[in-house]
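Visitor:
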Amino acid sequence: MKVLLIGATGNLGLRLVAALLTHNHSITAFVRSSAKLSSLLPASIYSHLEVIQGVATDSASIKKAILDSNCDAVVNTAGLAALPPWGRSDLPAIFRAVVEAVREAGVERERPLRAWFLAGLGVLYFPGSEKMLSDYVPIYLEHRQNLQLLKSLPQDSVDWSMLCPSTMTPESSDVTVPTKTSQGKLVANAATPPAWQDSWIKHIPLIGKTILCAMNAGRYETTLEQNAEFIASDLESLESRWSGTTVGVIDGSK
Ligand SMILES: NC(=O)c1ccc[n+]([C@@H]2O[C@H](COP(=O)([O-])OP(=O)(O)OC[C@H]3O[C@@H](n4cnc5c(N)ncnc54)[C@H](OP(=O)(O)O)[C@@H]3O)[C@@H](O)[C@H]2O)c1
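Going by mature numbering (1 follows the signal peptide of the UniProt record, and there is no 0), the letters in the sequence shown line up with residues -19 to -1, 1 to 235, in that order.
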């Protein structure tokens, strides 16, 4: 598939370059600085990319990149959510611009484009309830407004999925194709975290569910490489079981 990768210079973006090439996708990398991207990648990998310079808040440039490069799918890893509940980053503005570009490109193509977005564990639902984990642990709240935007889109205008990992750590600083990984594949679940460990603790008034979220949180640590592999492998087909949903992931081998 032809993929527009926005934010290729980031932690996850670099691993996605390797994972997408390993899965035989073609990549158009949309980055603020092509010099930075070329300094972060081996020349043998950089030479396989089409690179477009631009800012990810510029919807028109992103739409042009999608159409000019004839992309079938978009992966957005640009922008980093602010951690404290009062924090502000440029992620919501980037997110709006990318969603708008993907939607408009789909209108011109006369079919919705496939798109993967990133969020965090907090936008998944607390199992058995209609509240999100971030209702109990209010951090990285900007992801909530991004999800709201996706859910407010007219049906069939964007074929979106939102990956919601907890902390992602690097397995290696080397970017290689094919990717070398010692970790297993992720186990995924739509809308709620997979393999959640329940406990009577949740019934403690006021603080029970917050304590249970904190107890579970560490179990959802995964690697950047595992998440990149998950997206690259999903994009092997235009049909995805993750269309229109948030996706929680856990390292099943742990
Ligand atoms: N890392 C984690 O543990 C973790 C966990 C859960 C969710 N997430 C989410 O996953 C996503 C990727 O995380 P990450 O760790 O890969 O982030 P990162 O390393 O900080 O990378 C962010 C990327 O966004 C780009 N960017 C920022 N502002 C931009 C703009 N205005 N125009 C174009 N590009 C822009 C940066 O480009 P430059 O190189 O030019 O600065 C960089 O490539 C984020 O949305 C984050 O909130 C991360």
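Note that beta-carbon positions come from the ideal geometry of N, C-alpha and C, so glycine has one too. Quantities reported herein were computed from a predicted structural model and do not represent experimental measurements.
How big is the Cα-Cα spacing for ILE120 and ALA63?
Guide: As a working mapping, residue 120 is identified with position 139 in the sequence shown. As a working mapping, residue 63 is identified with position 82 in the sequence shown. Roughly 8 Å between the two C-alpha positions.
Visitor: Helix, strand or coil for CYS194? Go by DSSP, reduced to three states.
Guide: By 1-based counting over the sequence shown, the position of residue 194 is 213. Correct three-state label for CYS194: helix.
Visitor: Please say whether SER138 and PRO93 have beta carbons closer to each other than 8 Å?
Guide: For the purposes of this step, residue 93 is taken as the residue at position 112 of the sequence shown. For the purposes of this step, residue 138 is taken as the residue at position 157 of the sequence shown. In this structure, SER138 lies closer than 8 Å to PRO93 by Cβ.
Visitor: Bridge partners of ARG95, per DSSP?
Guide: The residue labelled residue 95 in the question sits at position 114 within the sequence shown. ALA54 and ASP140, per the DSSP bridge assignment.
Visitor: Can we count PRO146 as close to ligand 1, meaning its CB is less than 7 Å from some heavy atom?
Guide: Locating residue 146 in the sequence shown gives position 165, counting from the first residue. The answer is yes for PRO146.
Visitor: Report buried or exposed for MET143, applying the criterion of at least 16 other Cβ atoms within 10 angstroms of its Cβ.
Guide: Here residue 143 is taken as the residue at index 162 of the sequence shown, counted from 1. Buried: at least 16 other Cβ atoms inside 10 Å.
Visitor: Is THR204 near ligand 1, going by C-beta to nearest heavy atom under 7 Å?
Guide: The count along the sequence shown starts at 1 and reaches residue 204 at position 223. Because no heavy atom of ligand 1 lies under 7 Å away, the Cβ of THR204 does not count as near it: no.
Visitor: Just how far apart, CA to CA, sit SER52 and GLY(-10)?
Guide: For the purposes of this step, residue 52 is taken as the residue at position 71 of the sequence shown. For the purposes of this step, residue -10 is taken as the residue at position 10 of the sequence shown. According to the sequence as given, residue 52 is Cys; it is not Ser. About 21 Å.
Visitor: Quick one: is the Cβ of LYS17 within less than 7 Å of any heavy atom of ligand 3?
Guide: In the structure on display, ligand 3 does not appear, and the ligands it does have are ligand 1.
Visitor: Assuming GLU202 contacts THR160 (C-beta within less than 8 Å), just tell me the rounded distance between them.
Guide: The sequence position of residue 202 within the sequence shown is 221, counting from 1. The sequence position of residue 160 within the sequence shown is 179, counting from 1. With a Cβ gap of about 19 Å, GLU202 and THR160 do not count as contacting.
Visitor: Report the three-state DSSP secondary structure of LEU179 (helix, strand or coil).
Guide: Reading the sequence shown from its first residue, position 198 is the one you call residue 179. Correcting the residue identity first, residue 179 is Asp in this sequence and not Leu. Correct three-state label for ASP179: coil.
Visitor: Taking just the CA atoms, how far does VAL118 sit from THR204?
Guide: In the sequence shown, counting from the first residue as 1, residue 204 sits at position 223. In the sequence shown, counting from the first residue as 1, residue 118 sits at position 137. Taking the straight line joining both Cα atoms gives about 22 Å.
Visitor: Quick one: give me the first and last residue of the alpha helix (DSSP H) that GLY87 is part of.
Guide: To locate residue 87, count along the sequence shown from 1; it is residue 106. Here the alpha helix (DSSP H) through GLY87 covers 72 to 90.
Visitor: Measure the C-alpha to C-alpha separation of VAL77 and GLU89 and round it to an integer number of angstroms.
Guide: Locating residue 77 in the sequence shown gives position 96, where the first residue counts as 1. Locating residue 89 in the sequence shown gives position 108, where the first residue counts as 1. Residue identity check: residue 77 is Arg in the sequence provided, not Val. Approximately 18 Å between the Cα atoms of the pair.
Visitor: Any contact between the stretch 27 to 47 and the stretch 98 to 108? By contact I mean 3 or more CB pairs, one from each, below 8 Å.
Guide: Touching, no, given that fewer than three Cβ pairs across the two stretches are closer than 8 Å.
Visitor: Beta carbon of ILE185: closer than 7 Å to some heavy atom of ligand 1?
Guide: The residue given as residue 185 occupies position 204 in the sequence shown. No, since every heavy atom of ligand 1 falls outside the 7 Å radius drawn around the Cβ of ILE185.
Visitor: Ligand 1 heavy atoms versus the CB of ASN197: any closer than 7 Å?
Guide: For the purposes of this step, residue 197 is taken as the residue at position 216 of the sequence shown. Outside the cutoff, so no.
Visitor: Here's a check: name, in chain order, each residue in its chain whose Cβ is nearer than 6 Å to the Cβ of LEU1, leaving out the five neighbours to either side.
Guide: Reading the sequence shown from its first residue, position 20 is the one you call residue 1. For LEU1, where only same-chain residues beyond five positions count, the Cβ hits under 6 Å are VAL(-17), ILE8 and ALA213.
Visitor: Please determine, among GLN207, ILE33 and LEU216, the residue with the shortest C-alpha to C-alpha distance to GLY229.
Guide: As a first step, residue 229 must be located in the sequence shown, where it is residue number 248. Residue GLN207 is the option with its Cα nearest to GLY229.
Visitor: Please report how far the alpha carbon of SER221 lies from the alpha carbon of GLY68, in whole angstroms.
Guide: Residue numbering aside, residue 221 sits at position 240 when the sequence shown is read from its first letter. Residue numbering aside, residue 68 sits at position 87 when the sequence shown is read from its first letter. Spanning the two alpha carbons is a distance of roughly 33 Å.
Visitor: Confirm the yes/no value for this check: CB of MET149, any heavy atom of ligand 1, distance under 7 Å.
Guide: Here residue 149 refers to the residue found at position 168 when the sequence shown is read from its first residue. The answer is yes for MET149.
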